[in-house]
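Contents: one structure, followed by commentary.
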Amino acid sequence: MDKLLLNSLMIQQFRGFKDLQIQQLGRVNLIVGKNNVGKSSLLDALQIYVYRGFPTILWQMLDAHDEGVRSRRNNKIYDRDDEDPLLAVKYLFYGREDIKSTSKAIHIGPIASPNETLSLSIEFFYSKADEEGKISLQPALFEELDVAEGPIPRFSVKYGQKNRSSTYPITSSYPRILRGESGEVNCVSINSNGLGKTKIGTLWDQIALTDHEREVLNALKIIAPGVEAISIVGDPQSVRARYTIVKVAGIREPLPIRSLGDGMQRVLGIALALVNAENGILLIDEVENGLHYSAHADIWKLIFHIAHKLNIQVFATTHSWDSVVAFQQASQQNCDEGFSDDAFLVRLENRNGDIGATIFDEQQLQIATREQIEVR
């Protein structure tokens, strides 16, 4: 089996996680837990890790939660043009307290692996000019931080112990300026609402006329066995808009995929995300959304199959018992095919104010589902 990106996970000082330790991870991992224990935040932390703390992804996350500067203006929470971006950035850090020089850094990575750990913090600098007028940034000393003119805060990102570090301005304009930057590891993410038309079109273009098309078509057959072909075409009413059509046996004209129900759109998104995450990581929030309970088992079999075939590590969240049972069944089949220690269910839970994790391997999960022991 190809080496996993993460065989364990530590998340410190990020959102609701003071010090989350997940001792073991597999190729396919299902995250469960009650509301407000951080299932989606765990996926966010993984994105930050994969994208090496790049500001674009940070601001996208803040905006997705209406915490970014632009989102807050749009919602009339704040409407000042000069709002300090630090008021938004604080939401990334544990406790959500105002950023100070003493604020603790976020740490994300495998447990006890400092050379693979990402650190994200806010550091303060002064701009100084040399004799030739060239401006450079100099770290501000602790005693200088109360000076009226104030130092300049910047994102500080460090990876490992080999001086791989960068600093970035704290500005919400980054999503516009630096769009298109990518991380060192291939990463595809599906939020709880699924993929939009633009993203689906982009992912389709990347696998069109390749062998991966067959995997996507086979996935759609889980919901509609009569589907014979799929394509994404332009909307004659709009220059930019595109939509998905399918050819169904017995029906002369192609049909918009949405006419076959939300489940088809959800499966299309999962399948496209899978085949585009080759040699990387796939994140799925609320994997059960839009799917009838009878489809869960086949969807999980698909995920396990493609994850092995294309060397993908998968992290998905769910609230659904049907999805947990289907995950266990697919995991059991996976073990029967010779892939042991390959799938884990991770339950996040509030332990006296701190979030902790309990891990279920395939054997433990089999007992839990057979005896209907609540693991969510």
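If you're matching positions, the sequence shown starts at 301 in our numbering and goes up one per residue. Every residue gets a Cβ at the ideal spot worked out from N, C-alpha and C, and that includes glycine. Please read all numbers here as calculations on a predicted model, not as lab measurements.
Only residues of its own chain outside the window of five on either side were considered, and among them Val488, Leu503, Gln506, Ile507 have a CB closer than 7 Å to the CB of Asn576, listed in chain order. A Cβ-Cβ distance of about 4 Å is found for the pair Asp562 and Gly590, placing them in contact under the 8 Å criterion.
By the beta-carbon neighbour count (other beta carbons within 10 angstroms, threshold 16), Ala541 is exposed. Judged by DSSP secondary structure, Asn634 falls within the alpha helix (DSSP H) whose first and last residues are 621–636.
Between the segment 635–651 and the segment 351–362 there are fewer than three C-beta pairs closer than 8 Å, too few to call the two in contact. Of the candidates Asp430, Gly656, Leu386, Gln666, Gln666 places its Cα closest to the Cα of Gln628.
Residue pairing by DSSP leaves Asp535 without any beta bridge partner. Between the C-alpha atoms of Glu416 and Glu637 there is a straight-line separation of about 31 Å.
In this model, Leu517 and Asn611 are separated by some 20 Å (Cα to Cα). Boundaries of the beta strand (DSSP E) around Ala643: 643–651.
Beta-bridge partners assigned by DSSP to His407: Gln312, Ser419. With distances taken between CA atoms, Gly409 lies nearest to Leu325 out of Leu325, Pro554, Ser594, Pro556. Under the DSSP assignment, Ala668 falls in the alpha helix (DSSP H) whose first and last residues are 662–670. Secondary structure within the segment 486–566: the beta strand (DSSP E) runs of 3 or more consecutive residues, fully enclosed, are 487–490, 527–534, 542–548 (chain order). Selection Asp585, Arg558, Ser620, Gly569 evaluated against Leu602 yields Gly569 as nearest (Cα-Cα). When the alpha-carbon of Gln347 is set against those of Lys609, Ala668, Leu583, the nearest one is in Leu583.
Beta-bridge partners assigned by DSSP to Ser427: Leu437.
With a cutoff of 8 Å on beta-carbon distance, Val485 and Gly353 are scored as not near each other.
In the three-state reduction of the DSSP assignment, Tyr394 falls in the coil class. The beta carbon of Asp302 is closer than 7 Å to those of Asn611 in its chain, skipping five residues each way along the sequence. Looking at the backbone, the Cα of Lys462 and that of Ile399 are separated by about 27 Å.
Annotation: Pro355 is outside any beta strand (DSSP E); the continuous alpha helix (DSSP H) that includes it extends over 355–364.
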